[in-house]
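For the record, the sequence lines run as chains A and X. First residue of the first sequence: 1, per my numbering; consecutive thereafter. First residue of the second sequence: 1, per my numbering; consecutive thereafter. Note that CB positions come from ideal geometry on N, CA and C, so glycine has one too.
Protein chains: 2
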Amino acid sequence: MTVKYELKHVCKQTGARVGLLHTPSGTFETPIFMPVGTQASVKTLDVSEIADVSEGLILSNTYHLWLQPGTDIIEAHGGVKPFMKWQGALLTDSGGFQVFSLSDIRKITEEGVHFRHHKSGEKLFMSPEDSIRVQNSLDSDIAMSFDECPPFHAEYEYMKESVDRTLRWAQRGKAVHQNKNQALFGIVQGGPHIDLRKYSLEETLKIPFEGIAIGGLSVGESKTEMYTVLEALKPHLPEHLPHYLMGVGTPDDLLVGIENGIDMFDCVNPTRLARHGSAYTANGRISIKAAKYEADLTPLDDACDCKVCRTYTRSYIRHLFKAEEALGQRLVSYHNLYFLKQFMRSIREAIQNDSLSDFKNTFMKQFYAK
Amino acid sequence: MTVKYELKHVCKQTGARVGLLHTPSGTFETPIFMPVGTQASVKTLDVSEIADVSEGLILSNTYHLWLQPGTDIIEAHGGVKPFMKWQGALLTDSGGFQVFSLSDIRKITEEGVHFRHHKSGEKLFMSPEDSIRVQNSLDSDIAMSFDECPPFHAEYEYMKESVDRTLRWAQRGKAVHQNKNQALFGIVQGGPHIDLRKYSLEETLKIPFEGIAIGGLSVGESKTEMYTVLEALKPHLPEHLPHYLMGVGTPDDLLVGIENGIDMFDCVNPTRLARHGSAYTANGRISIKAAKYEADLTPLDDACDCKVCRTYTRSYIRHLFKAEEALGQRLVSYHNLYFLKQFMRSIREAIQNDSLSDFKNTFMKQFYAK
Numbered sequence: 001m002t003v004k005y006e007l008k009h010v011c012k013q014t015g016a017r018v019g020l021l022h023t024p025s026g027t028f029e030t031p032i033f034m035p036v037g038t039q040a041s042v043k044t045l046d047v048s049e050i051a052d053v054s055e056g057l058i059l060s061n062t063y064h065l066w067l068q069p070g071t072d073i074i075e076a077h078g079g080v081k082p083f084m085k086w087q088g089a090l091l092t093d094s095g096g097f098q099v100f101s102l103s104d105i106r107k108i109t110e111e112g113v114h115f116r117h118h119k120s121g122e123k124l125f126m127s128p129e130d131s132i133r134v135q136n137s138l139d140s141d142i143a144m145s146f147d148e149c150p151p152f153h154a155e156y157e158y159m160k161e162s163v164d165r166t167l168r169w170a171q172r173g174k175a176v177h178q179n180k181n182q183a184l185f186g187i188v189q190g191g192p193h194i195d196l197r198k199y200s201l202e203e204t205l206k207i208p209f210e211g212i213a214i215g216g217l218s219v220g221e222s223k224t225e226m227y228t229v230l231e232a233l234k235p236h237l238p239e240h241l242p243h244y245l246m247g248v249g250t251p252d253d254l255l256v257g258i259e260n261g262i263d264m265f266d267c268v269n270p271t272r273l274a275r276h277g278s279a280y281t282a283n284g285r286i287s288i289k290a291a292k293y294e295a296d297l298t299p300l301d302d303a304c305d306c307k308v309c310r311t312y313t314r315s316y317i318r319h320l321f322k323a324e325e326a327l328g329q330r331l332v333s334y335h336n337l338y339f340l341k342q343f344m345r346s347i348r349e350a351i352q353n354d355s356l357s358d359f360k361n362t363f364m365k366q367f368y369a370k
Numbered sequence: 001m002t003v004k005y006e007l008k009h010v011c012k013q014t015g016a017r018v019g020l021l022h023t024p025s026g027t028f029e030t031p032i033f034m035p036v037g038t039q040a041s042v043k044t045l046d047v048s049e050i051a052d053v054s055e056g057l058i059l060s061n062t063y064h065l066w067l068q069p070g071t072d073i074i075e076a077h078g079g080v081k082p083f084m085k086w087q088g089a090l091l092t093d094s095g096g097f098q099v100f101s102l103s104d105i106r107k108i109t110e111e112g113v114h115f116r117h118h119k120s121g122e123k124l125f126m127s128p129e130d131s132i133r134v135q136n137s138l139d140s141d142i143a144m145s146f147d148e149c150p151p152f153h154a155e156y157e158y159m160k161e162s163v164d165r166t167l168r169w170a171q172r173g174k175a176v177h178q179n180k181n182q183a184l185f186g187i188v189q190g191g192p193h194i195d196l197r198k199y200s201l202e203e204t205l206k207i208p209f210e211g212i213a214i215g216g217l218s219v220g221e222s223k224t225e226m227y228t229v230l231e232a233l234k235p236h237l238p239e240h241l242p243h244y245l246m247g248v249g250t251p252d253d254l255l256v257g258i259e260n261g262i263d264m265f266d267c268v269n270p271t272r273l274a275r276h277g278s279a280y281t282a283n284g285r286i287s288i289k290a291a292k293y294e295a296d297l298t299p300l301d302d303a304c305d306c307k308v309c310r311t312y313t314r315s316y317i318r319h320l321f322k323a324e325e326a327l328g329q330r331l332v333s334y335h336n337l338y339f340l341k342q343f344m345r346s347i348r349e350a351i352q353n354d355s356l357s358d359f360k361n362t363f364m365k366q367f368y369a370k
């Protein structure tokens, strides 16, 4: 095994779990939030800052890196981690989600997906084998199986076909997976259909993956729909494998995911919000561009001890956004990721103390009070 | 005196001088290059990085800060330095240059300048007294006198009138200058006309300024024209005051300025070039976006020991630019300013060793070889 999950404690209030994720590049406490470095860059931050605001495990996107700079350049550096000089651990997604969400799909065949480049329009093709080979050469610690990610509310019949195709793709990808220093995780699909989700989970677990991911959520469905799927899968998630909920990362969704046994998360939200001037605080999100912060000499979040909050005033950061100074996006990106890191630490502590429900109630009241 | 210049050594080869600039916020070796933080931000860099890449003395622009966030907000923080959390020293320009270069001038009167905001079109007015009062409240260590900066090749008659008006403005500004912790420097104008330049210098020196600046250069004239003015003024610059050449900062111009007795420089060039992917190296400027750097695993500049060159490859930085990742602009901005800092250190060393001509010959051959 390249990656190993070690269960440490299950919260008596919620069934949420704390554990250790052992990877070739380090051991990480879970539940963990992974900042997203789509193009081998967590937007605006340098590697020393990524180390500050993460637990040491981040994500990069195979689709983007395959297109720019391409695998040759990354292989010349020895993988994505040396390419971006990241000293920690890295997970790459399969490219599947981006192929389905960003590009102009031409045709999905049994063989793979024909599509056009999201910017240049160039004709491209990706098979499950291609995805695994690309991830092999990206040399991430954790690679993801290539899945189809249909719209959440696709017809039941289509979703069934798609789940079966994704299972066949998972087997094909597993068969060509070569990198001995890289774990491979399978992905559960099935949209809102609980029977399909359970079937997808059960069949995926027959393939010797080292982790199990839930895909196709946070793609536009309601929170109730997402939570229903998570609750239905919870009792069936295998204890010995890490559970990864892909693309999810708002504070409320993190809490519900964790209550339902999830160990790993990633989301572009904290950095995307930051670039629009939206900052996390103990009392919820604030838009730093708002006029009321013009002369506010307090930090972004009084309760935060990150270097941004220890240094700058809301008034100064608002000025940076009003003056269109790039430093503003950088400072809020740093803070938002740091905020989530501390949030996840508090959650792990609450699980250890068998008090995650209490923590959640207090947090939700304070964060979503407005 | 708030600011004091202490002469340490004059280069026997060139007459260039090394000295100490004593300011309320620290003492700095000269010649010095001041990075520009136009809107209280050296673009993309946080204050700890500004400290890395500067000698501790930077510049901000009065025109921009007056318009955004305005003096009230900056006064609430106690000045620009606490506003941006800058621990070093700060010089503010007068706003004159920006009024004349950025805005839509409506009318120049004896009283001051009527103009329109460079973005909103709002009607505005700035007098010499306004400029000084704004700079007083910005609380910089060094304020600049409000000058008219006409086009370099304006008619002789107009330039003469303008020089006289700038002298009257200088006296009016000096009369209202209140901040006891702030020095005030006068500015020499006169375009290419040596007689006007000398007259402007002589008359400006009659006002008890604590430093003398040369303005109206690097505004589109040829290098020969700039150098001619500098050479003509050199014998007349007072030994006991610091000499500041405004807005100049390419390596060749820095060398010529320093040979002609200049102690202080500022320029947006290193950061502006950086944002377009142009990086300084010992062998001249390179455009990091060029295809030839696609798989180049060496640092931006082999001879540089900045954190960017110690960390990242040209190939990675090129990728950031190709992928439109903001980190690219940040890394090159940091490097370019660091490069100039080291360049200025080498120059000061050469002056101390009476070998600035030798240094210049070697540097120019290597840097401008292509």
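Is it buried or exposed, residue i, if we count other Cβ atoms within 10 angstroms and call 16 or more buried?
| i | result |
| --- | --- |
| Q87 (chain X) | exposed |
| L331 (chain A) | buried |
| N361 (chain A) | exposed |
| H377 (chain A) | Missing from the structure shown is residue 377 (chain A); chain A here goes from 1 to 370 and no further. |
| H276 (chain A) | exposed |
| D302 (chain X) | exposed |
| I105 (chain X) | exposed |
| A290 (chain A) | exposed |
| D266 (chain X) | buried |
| D195 (chain X) | exposed |
Report the rounded CA-to-CA distance for residue i versus residue j, giving the unit in angstroms.
| i | j | result |
| --- | --- | --- |
| A369 (chain X) | I286 (chain X) | 12 Å |
| D358 (chain A) | Q366 (chain A) | 13 Å |
| T71 (chain A) | V42 (chain A) | 19 Å |
| K341 (chain X) | P270 (chain A) | 35 Å |
| H22 (chain X) | L241 (chain X) | 11 Å |
| E55 (chain X) | F28 (chain X) | 7 Å |
| F125 (chain A) | C149 (chain A) | 16 Å |
| I74 (chain A) | I317 (chain X) | 13 Å |
| Q171 (chain A) | S48 (chain X) | 50 Å |
| G220 (chain X) | F97 (chain X) | 13 Å |
| K375 (chain A) | E231 (chain A) | Lying before the first or after the last residue shown, residue 375 (chain A) is absent from chain A, which here runs from 1 to 370. |
| V113 (chain A) | V188 (chain A) | 19 Å |
For a test of the three-state rule: what should DSSP assign to residue i, helix, strand or coil?
| i | result |
| --- | --- |
| V219 (chain X) | coil |
| K360 (chain X) | helix |
| Y156 (chain A) | helix |
| S287 (chain X) | strand |
| S278 (chain A) | strand |
| L196 (chain X) | helix |
| D139 (chain X) | coil |
| M246 (chain A) | coil |
| Y5 (chain A) | strand |
| A51 (chain X) | helix |
| D104 (chain A) | strand |
| F339 (chain X) | helix |
| A326 (chain X) | helix |
| E225 (chain X) | helix |
| K371 (chain A) | Limits of chain A in this structure are 1 at one end and 370 at the other, which puts residue 371 (chain A) out of reach. |
For residue i, which residues in chain X fall below 7 Å Cβ to Cβ?
| i | result |
| --- | --- |
| M43 (chain A) | The question names Met, but residue 43 (chain A) is Lys in the sequence shown. Under the 7 Å cutoff, chain X gives E325, A326. |
| Q39 (chain A) | A323, E325 |
Which chain A residues sit within Cβ distance under 9 Å of residue i?
| i | result |
| --- | --- |
| V47 (chain X) | T311, Y312 |
Residues of chain X with CB closer than 8 Å to the CB of residue i, please, in chain order.
| i | result |
| --- | --- |
| E294 (chain A) | P69, I73 |
| K85 (chain A) | T311, Y312, Y316 |
Run down chain A in chain order and give the residues with a C-beta less than 7 Å from the C-beta of residue i.
| i | result |
| --- | --- |
| A290 (chain X) | Going along chain A, no residue has its Cβ under 7 Å from A290 (chain X), so there is no contact; the nearest lies around 14 Å. |
| L167 (chain X) | In chain order: nothing, as chain A lies at least about 33 Å away. |
| L320 (chain X) | S41 |
For residue i, return the contacting residues in chain A, with the cut-off set at a CB-CB distance below 8 Å.
| i | result |
| --- | --- |
| H77 (chain X) | L297, T313, S315, Y316 |
Inset, instruction - Check whether the stretch 14-34 of chain X touches the stretch 266-284 of chain A, counting contact only when three or more Cβ pairs, one atom from each stretch, lie closer than 8 Å. - result: no
Legend entry - Stretch pair the stretch 300-318 of chain A + the stretch 254-269 of chain A: three plus CB contacts closer than 8 Å: Contact between the stretch 300-318 of chain A and the stretch 254-269 of chain A is absent, because fewer than three Cβ pairs lie under 8 Å.
Legend entry - Cβ pair count under 8 Å reaching 3, the stretch 175-191 of chain A against the stretch 123-135 of chain A: yes
Legend entry - Cβ contact check for the stretch 203-210 of chain X and the stretch 153-160 of chain X: 3 or more pairs under 8 Å: no
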